[in-house]
Amino acid sequence: MRDLTAKETLSIVVCHEDNELAQELAEYARRGIEEESMPALLLPATGNSLELSRMACELSLLAVGIGIDKQGSISLTHFQMPADKPVLQSASGSDTRKARLMGGNAARLYKRIPFIFE
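Each residue of the sequence shown is one higher than the one before, counting from 3 in the working numbering.
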């Protein structure tokens with residue numbers, strides 16, 4: 003994985019596997035983050051959604067990360083949570099609506115405002 007610039011680390015990082023489904027869901031997660039007026043950074047990586055979200059939150063100075071695996075599972079993690087306990091998780095085959103909500107909720111987690119579930 004490449005080194006991030008200081009500006010990039012001040013983003014909510016979305017780590018996703020490098021396949022079509024994960025890339026599409028990552029793009030929708032980015033849109034959800036940006037709808038909440040927060041910056042987002044998409045990075046390709048390898049692992050399951052929980053591993054990817056942990057990697058993402060460790061790369062971000064905002065301590066919030068999203069991971070999306072090739073099956074379409076999405077995990078939202080905060081740095082202060084145990085590594086095996088995501089804040090939110092969506093099962094395999096997630097759709098673009100769920101990805102967008104997860105992105106928005108990642109921004110809301112950082113801003114400490116209530117999540118949206120619909």
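The beta-carbon is built from N, C-alpha and C at its ideal position, and this holds for glycine as well.
For clarity, every value in this text was computed on a predicted model and none was experimentally measured.
Query	Result
So does the segment 94-110 actually touch the segment 35-49, counting three or more Cβ pairs closer than 8 Å?	yes
Output needed for I115: all residues of its chain with C-beta closer than 8 Å, excluding positions within five of it in sequence on either side, in chain order.	none
Which value, in whole angstroms, describes the spacing of the CA atoms of T11 and A47?	16 Å
At what residues does the alpha helix (DSSP H) containing S94 begin and finish?	Segment: none, S94 is in no alpha helix (DSSP H) and carries neither H nor E.
For A24, count the other beta carbons within 10 Å of its own beta carbon; 16 or more makes it buried, fewer makes it exposed. Which is it?	buried
Using CA atoms only, rank isn't needed, just tell me which of S51, A93 and G69 is closest to V15.	G69
At what residues does the alpha helix (DSSP H) containing G34 begin and finish?	E22 to E37
Ignore the nearest five residues each way along the sequence and tell me which others in G95's own chain have a CB closer than 6 Å to its CB.	G74
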